[in-house]
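Asker: Pasting a structure here, questions to come.
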Amino acid sequence: MEKSLTRNNMAEAKYVKLVGYILPPKTDNADEESENDEAEEETLPEFLDMKEMNCVSSGGFMFQHSAPAAEEVDFMFHGKKERVRGRFPLRNPWWEISCNAQRYSRKLIVSGYPAYKLRTELKNDWRTIVSLFLKECDVDPNFVTRFMEWLPKDRYVDLINIEEALREFGESVKEISAEADYVKTKISKSDAGFHVRAATIYPLVMKHLPMLLPGQFLNLLEKGKEEEEAKEKQQTKYDEENMEASPQKSNKIPLLARLEELIKADNMWKFGFGYIMYKEFRLIRCETKLTDFKSCELFSKMSTEQQNALKVYNEIKLYCCHSGHTYIDRKALEEMMKKMQEVSIWGAIAFLRKHGVLKVEKEKIALRNLYNYENDIAECLHKLIVGEPWKIDLDVREVLRSAERERRRNQLATKSCSSASGTNGEDNESGLSGESASDVHEPMDEEPEATSIELDPDQVRAAEMMCANAVTVISGKGGCGKTTVVSVIFKASMEQEEKNREANDITWEEGEQKENGKKPVEVLLTAPTGRAASLLSKKTCFTAYTMHQVLWSYMLTKKSPSGTPVDWKFANVRVLVVDEGSLVCVQILSSILSMLTKHAQLQKFIILGDIRQLPSIRPGNVLNDLFASLKRVNWAIEMRTNHRAESELIVQNAGLIADMGVSKKFHHLSYDATVELGKTFTLPSPDKRFIEILLPEKENYDDLQNSIKRLLQGPAPGLKDDASSQFIAFKRKECALINELCCKHYSNHNTKTHKNKMDFQIGDKVCCTRNGYVTDRDKENETKSKEDDMDGNKSKKERLCNGEIFFITQDVTKKEETARKCIKGRYLTLDNKHDKKMTVEYRELMRECKLQHAWARTIHTFQGSEEKTIVYVLDSGIGQTWKHVYTAVTRGQSRVYVIAKKDGLENAIRRYIIKRNTRLEGLIVDLLHNLRIAKREFLSQPSQFQFNTPVRGSGLQTFQSTHAPPSSPGPSQAYSGMMSFKNVMWQNLTNAGTGFGGLSSPKSASPSPCKRDNCTTASKQMKVDSRTGLHPGTASVS
1 MEKSLTRNNM AEAKYVKLVG YILPPKTDNA DEESENDEAE EETLPEFLDM KEMNCVSSGG
61 FMFQHSAPAA EEVDFMFHGK KERVRGRFPL RNPWWEISCN AQRYSRKLIV SGYPAYKLRT
121 ELKNDWRTIV SLFLKECDVD PNFVTRFMEW LPKDRYVDLI NIEEALREFG ESVKEISAEA
181 DYVKTKISKS DAGFHVRAAT IYPLVMKHLP MLLPGQFLNL LEKGKEEEEA KEKQQTKYDE
241 ENMEASPQKS NKIPLLARLE ELIKADNMWK FGFGYIMYKE FRLIRCETKL TDFKSCELFS
301 KMSTEQQNAL KVYNEIKLYC CHSGHTYIDR KALEEMMKKM QEVSIWGAIA FLRKHGVLKV
361 EKEKIALRNL YNYENDIAEC LHKLIVGEPW KIDLDVREVL RSAERERRRN QLATKSCSSA
421 SGTNGEDNES GLSGESASDV HEPMDEEPEA TSIELDPDQV RAAEMMCANA VTVISGKGGC
481 GKTTVVSVIF KASMEQEEKN REANDITWEE GEQKENGKKP VEVLLTAPTG RAASLLSKKT
541 CFTAYTMHQV LWSYMLTKKS PSGTPVDWKF ANVRVLVVDE GSLVCVQILS SILSMLTKHA
601 QLQKFIILGD IRQLPSIRPG NVLNDLFASL KRVNWAIEMR TNHRAESELI VQNAGLIADM
661 GVSKKFHHLS YDATVELGKT FTLPSPDKRF IEILLPEKEN YDDLQNSIKR LLQGPAPGLK
721 DDASSQFIAF KRKECALINE LCCKHYSNHN TKTHKNKMDF QIGDKVCCTR NGYVTDRDKE
781 NETKSKEDDM DGNKSKKERL CNGEIFFITQ DVTKKEETAR KCIKGRYLTL DNKHDKKMTV
841 EYRELMRECK LQHAWARTIH TFQGSEEKTI VYVLDSGIGQ TWKHVYTAVT RGQSRVYVIA
901 KKDGLENAIR RYIIKRNTRL EGLIVDLLHN LRIAKREFLS QPSQFQFNTP VRGSGLQTFQ
961 STHAPPSSPG PSQAYSGMMS FKNVMWQNLT NAGTGFGGLS SPKSASPSPC KRDNCTTASK
1021 QMKVDSRTGL HPGTASVS
């Protein structure tokens, strides 16, 4: 927890078992800004899948994971005051706290989280404790003073009998009897009062839950309080209606009581499995980590089988979450669990499978949720393919030519205006002509004839696919025109649909049209990040949403008794377009496809992206799997022509990076300028587009710092304005250094105060690191626009998405009166320099979105966004692969700087990429086979497999297809002569009938037999028709 500790200090640390209580602070710091600069090592996913959303709608419990901030407190331990740093959800002095700590110098650092117990022997401190408790319950200070003066000297009061003392006080002083009753009610309804009652009724919950579920502990207490209040209201209502009847007894057992019983019954192992907690308690995303189990005494009380199950589950979960796999191979698990006996491993797997946590077939072991996500995607695509088709009858060539003529007219108008004002117009981003960026020179002075427009053949084929197919995958680098083609085609198709409706006198039904008169959303454009959605809106004629906005709108929309959303904003969606598909994980795609196929009118699904980019951080390889499987039937296409003149050199080098990554043959990139920092140099001229910044060969610890300073102080071309430039690095430590340097250069202050708190000032470039809802104070008293409102409690708030970048334009502090005192409120005005500006209360902003400085972002967090000038810190290249380099340089629209050591690029190019183990590609291949979708004329472009990572010899083995040659259901064939007890046990696991299923029907999707490195499936029989005579790189029109 204490980041500044050295190794020597750690070696000298002594283990201490702390038992004591926290002393009350000398001053009230309630009005100070509270920030948690220490992020949790591993936070739970923020967004729910569709089944979890339905559970919440029907009464399930969802809690935001929020562990308490690490703070230093004065701790009374063995009669001596100690300075302790830790995460304490409850800090009041009436709690006895037990925790493990290590001593570093004069400070104790808590390891893990504390256990709580109500102090009953208050000794001489009871008057102070009672007084502080009443103050915490918001009791009038004058009443507290009179009460304490009334108490006899020989009378002992603690928090258990305080209500009895208050009753006696009211009876002895009749004029304050009513006030005493009011105080008792106030205590009963306060959080502090409920916590005390919970400690007396549920002692095991208070003792163990802070350690088992630290991120949800306070939320669970709050839920318990809500249930108690609801029960009291129900009883009061019943009593009023049945004055003479006997009191009603509620059969519903409170949540905290059930959790208390779970611990009493020695079933605490269930806390370690989110699926079991979800199934038995309707608690969503509540799961105890193995490390938290081991830090408390409960782990040692479990059976060996339960302990082994938790260990195996933890290893599988880490393997999938850290590497993006959706299953683990049997051999890989054996290798990871070397310290555990094989019999114990398979016994643990049998235990987990019995309780529904894992799914097993042959050599594959998958977490239940990841298995379901991939199956659900395949099932949704099955419904789209066999459902009512929407064949769009358009002359796509004429539509594309018309759009290109319009673009050129606008370009001529822009050029005329720019010439008159003495400025240069912006370059074309994604033209529709067949001319590549290298062929484009000056705009034409006259409008071209329709016949003179040569269309890009890849764009034509992509347009034809979208019109004809239910599912289409389009891959290509930035500037190839993916989003432009989608926009043009569906704009024309919707205009055609509208004309058909008018011709047939068809009108929208009542309720389908919004109150503001706008038509329902039929073409839904989405992206995984807020920045990507904003760019998508600008490039197209449609309003784009983040995928999370669609998910939240479904969750917050009122449901009918059958679970159908009522007046859902997206109920009329017919087309789903997902941009930046490489960022999409299986969970999000599964949820959004499931809800749109079930509760909307979805007929077409188009996913766009670049198959060479880094896959999503979360498990899955969606874009690559869909591309590889649908390419076989000509439902996927690679668009190869760049239409951005200013990014031609960037695109060329990106292609070289991908080629080198696949072949593992290194050669230098085509830089048009190289700056060697170890020698005398001059900064590159403004016309340079791809610049190499070589760090000195003789390494110094401050080489990177000096290189960034020189670029900023120049300033180098493109870095004068921080609104159109962005630094990208692989390591967070490098981002922190760059943010510090940029903060001093652009805003003239440090990123943190002398108290080590984040310091945000006017002019700072900042971003949200969490998705959240905040109140826009500028619109608080205005009538809110209905277009982007989401039904529910959060509809009055503005949504800020993870990754959204803003500039602080105002910083105002105002005094606000509250019931207890006057506090200061700080308000920041955020402007993204495009189309969004809002004023937000600082505490709310930090709590919901956790603001950070954003001059530098990591490659993963900036993926899906673009900027005119990119400065990429490659450095030594260690830890990075060619996909990192490719993703980073393709973020630049017109200029890229690469800061690297001499061998940095080669190190990244030659590093091996571990291919993700996923089932989706096989499921789709098998689906197409079962539906007898025959091969069509193949696009003879370079195969997807050319862009994928080479597979290790002992790598991915895929699932056996239902139409592949029959094989033994057990692993004995693969392990000939090795029928050990382990193999027999494994056969029993895989033959029990609840493992992975087939996709012969929508509910049973069979995995593909196709191996990534050596395809042996029936699907491989679909060969390219050699009669077409096509060479690599050309394509035939289907």
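UniProt numbering puts the first residue of the sequence shown at 1, with every later residue one more than the last. Backbone N, C-alpha and C fix where the C-beta goes; we use that ideal spot for every residue, glycine too. Everything numeric in this text was worked out from a predicted model, so none of it was measured.
Beta carbon of I870, beta carbon of R891: below 7 Å?
Answerer: To locate residue 870, count along the sequence shown from 1; it is residue 870. To locate residue 891, count along the sequence shown from 1; it is residue 891. Closer than 7 Å, so yes.
Asker: So what's G581 in DSSP terms, helix, strand or just coil?
Answerer: As a first step, residue 581 is located in the sequence shown; it is residue number 581 there, counting from the start. Here G581 sits in helix by DSSP.
Asker: What are the start and end residues of the beta strand (DSSP E) that includes K383?
Answerer: For the purposes of this step, residue 383 is identified with residue 383 of the sequence shown, where counting begins at 1. Run containing K383: none in the beta strand (DSSP E); it sits in the alpha helix (DSSP H), R368 to V386.
Asker: Spatial neighbours of T813 within its chain, please: C-beta separation below 8 Å, excluding the five flanking residues on both sides.
Answerer: On the sequence shown, residue 813 is found 813 positions in, with the first residue counted as 1. The answer, listed in chain order, is K824, G825, R826 and Y827.
Asker: For the pair the region 658-675 and the region 882-891, tell me if three or more CB-CB distances fall below 8 Å.
Answerer: Yes: the two stretches touch, three or more of their Cβ pairs being nearer than 8 Å.
Asker: Mapping the DSSP letters down to three states, classify W568 as helix, strand or coil.
Answerer: By one-based count along the sequence shown, residue 568 stands at place 568. Coil at W568, not helix or strand.
Asker: Taking the alpha carbon of Y275 as the point to measure from, which residue in T775, C541, I606 and K51 has its own alpha carbon closest?
Answerer: Indexing the sequence shown from 1 puts residue 275 at position 275. Selected option, being the one with the closest Cα: K51.
Asker: Which residue from K174, N572, K604 and E175 puts its Cα closest to that of A468?
Answerer: Reading the sequence shown from its first residue, position 468 is the one you call residue 468. Considering only alpha carbons, the answer is K604.
Asker: I need the boundaries of the alpha helix (DSSP H) containing M465, first residue and last residue.
Answerer: Residue mapping note: residue 465 aligns to position 465 of the sequence shown, counting from 1. Where M465 is concerned, the enclosing alpha helix (DSSP H) stretches over P457 to A468.
Asker: Roughly how many angstroms separate the alpha carbons of V73 and E121, rounded to a whole number?
Answerer: Along the sequence shown, read from residue 1 onward, the residue named residue 73 stands at position 73. Along the sequence shown, read from residue 1 onward, the residue named residue 121 stands at position 121. Going from the Cα of V73 to the Cα of E121 covers about 22 Å.
Asker: Name the residue from F47, Y156 and W855 whose alpha carbon lies nearest to the alpha carbon of D721.
Answerer: Within the sequence shown, the letter at position 721 stands for residue 721. Nearest of F47, Y156 and W855 to D721, Cα basis: W855.
Asker: Where in the region 593-672 do unbroken runs of the alpha helix (DSSP H), each at least 4 residues long, occur, reported from the N-terminal end onward?
Answerer: Runs of the alpha helix (DSSP H) inside the region 593-672: 622-630 and 648-663.
Asker: Does the distance from the CB of R368 to the CB of K354 come in under 7 Å?
Answerer: Looking up residue 368 in the sequence shown gives position 368. Looking up residue 354 in the sequence shown gives position 354. Going by C-beta atoms, R368 is not nearer than 7 Å to K354.
Asker: Going by beta-carbon coordinates alone, are E804 and C768 separated by less than 7 Å?
Answerer: For this step, residue 804 is matched to residue 804 along the sequence shown. For this step, residue 768 is matched to residue 768 along the sequence shown. Going by C-beta atoms, E804 is nearer than 7 Å to C768.
Asker: In terms of residue numbering, what span does the alpha helix (DSSP H) encompassing I859 cover?
Answerer: Translated into positions along the sequence shown, residue 859 becomes position 859. Its alpha helix (DSSP H) spans residues I859 to F862.
Asker: Helix, strand or coil: which one does DSSP assign to V573?
Answerer: One-based indexing of the sequence shown puts residue 573 at position 573. Reduced to three states, the DSSP call for V573 is coil.
Asker: Identify the continuous beta strand (DSSP E) that holds E96 and give its terminal residues.
Answerer: Taking the sequence shown and counting its residues from 1, one reaches residue 96 at position 96. Per DSSP, E96 belongs to the beta strand (DSSP E) from W95 to Y104.
Asker: Would A462 pass as a contact of I474 if the rule is Cβ separation under 7 Å?
Answerer: Within the sequence shown, the letter at position 462 stands for residue 462. Within the sequence shown, the letter at position 474 stands for residue 474. Contact flag set, yes.
Asker: Are the CB atoms of K688 and D672 within a distance shorter than 7 Å?
Answerer: Walking along the sequence shown from the start, residue 672 turns up at place 672. Walking along the sequence shown from the start, residue 688 turns up at place 688. Closer than 7 Å, so yes.
Asker: Name the one or two DSSP bridge partners that H853 has.
Answerer: The residue labelled residue 853 in the question sits at position 853 within the sequence shown. Note: H853 sits in a beta bridge opposite V766.
Asker: With DSSP as the reference, identify every bridge partner of R895, one or two as the case may be.
Answerer: Position 895 of the sequence shown, counted from the first residue, corresponds to residue 895. DSSP output for R895 lists T869 as bridge partner(s).
Asker: Below 7 Å between beta carbons: does that hold for G609 and S629?
Answerer: Along the sequence shown, read from residue 1 onward, the residue named residue 609 stands at position 609. Along the sequence shown, read from residue 1 onward, the residue named residue 629 stands at position 629. It is not a contact, given that the beta carbons lie outside the stated cut-off.
Asker: Within a Cβ cutoff of 7 Å, which residues of the same chain sit near R119, ignoring the five residues on either side of it in sequence?
Answerer: If you number the sequence shown from 1, residue 119 lands on position 119. The residues are Y21, W94, W95 and E96.
Asker: Could you give the distance in angstroms between the alpha-carbon of G563 and the alpha-carbon of N219?
Answerer: Counting from one through the sequence shown, the residue named residue 563 turns up at place 563. Counting from one through the sequence shown, the residue named residue 219 turns up at place 219. Rounded to whole angstroms, G563 to N219 spans 26 Å at the Cα level.
Asker: Assuming residue 1064 is part of the alpha helix (DSSP H), what are its boundary residues?
Answerer: The displayed coordinates of the chain run from 1 to 1038. Any statement about residue 1064 would go beyond what the structure contains.
Asker: Which of the three DSSP states, helix, strand or coil, is assigned to T291?
Answerer: Here residue 291 corresponds to residue number 291 of the sequence shown, with the count starting at 1. Residue state, collapsed to three classes: helix.
Asker: Restricting to Cα atoms, I'd like to know which of E798, Y897 and A533 is closest to L683.
Answerer: As a position in the sequence shown, residue 683 is number 683, starting the count at 1. Measuring from the Cα of L683, the nearest candidate turns out to be Y897.
Asker: So the beta strand (DSSP E) S562 belongs to, where does it begin and stop?
Answerer: Within the sequence shown, numbered from 1, the residue matching residue 562 stands at position 562. Per DSSP, S562 belongs to no beta strand (DSSP E) and is neither H nor E.
Asker: Taking the beta strand (DSSP E) that Q726 belongs to, which residues open and close that run?
Answerer: To locate residue 726, count along the sequence shown from 1; it is residue 726. Per DSSP, Q726 belongs to the beta strand (DSSP E) from S725 to A729.
Asker: Could you check what DSSP says for G347 in three-state terms: helix, strand or coil?
Answerer: Counted from its first residue, the sequence shown places residue 347 at position 347. If DSSP states are grouped into helix, strand and coil, G347 belongs with the helices.
Asker: Which residues in the same chain as F351 place their Cβ atom closer than 7 Å to its Cβ, once the five residues preceding and following it in sequence are excluded?
Answerer: By 1-based counting over the sequence shown, the position of residue 351 is 351. Excluding positions up to five away in sequence, the list reads E305 and A309.
Asker: Within 10 Å of its beta-carbon, does K17 have 16 or more other beta-carbons around it, so buried, or fewer, so exposed?
Answerer: Taking the first residue of the sequence shown as 1, we reach residue 17 at position 17. Classification of K17: exposed, given that the 10 Å Cβ count is below 16.
Asker: Taking a contact to mean a Cβ-Cβ separation below 7 Å, would you say L108 touches A101 in this structure?
Answerer: Here the question's residue 108 lines up with position 108 in the sequence shown. Here the question's residue 101 lines up with position 101 in the sequence shown. Cβ distance < 7 Å, so L108 and A101 count as in contact.
Asker: State the DSSP-derived secondary structure class of S190, mapped to helix, strand or coil.
Answerer: As a working mapping, residue 190 is identified with position 190 in the sequence shown. DSSP places S190 in coil when its eight states are reduced to three.
Asker: Which of the three DSSP states is assigned to R826 in this structure?
Answerer: Position 826 of the sequence shown, counted from the first residue, corresponds to residue 826. Here R826 sits in strand by DSSP.
Asker: Pick helix, strand or coil for Q810, following the three-state DSSP scheme.
Answerer: Indexing the sequence shown from 1 puts residue 810 at position 810. Strand at Q810.
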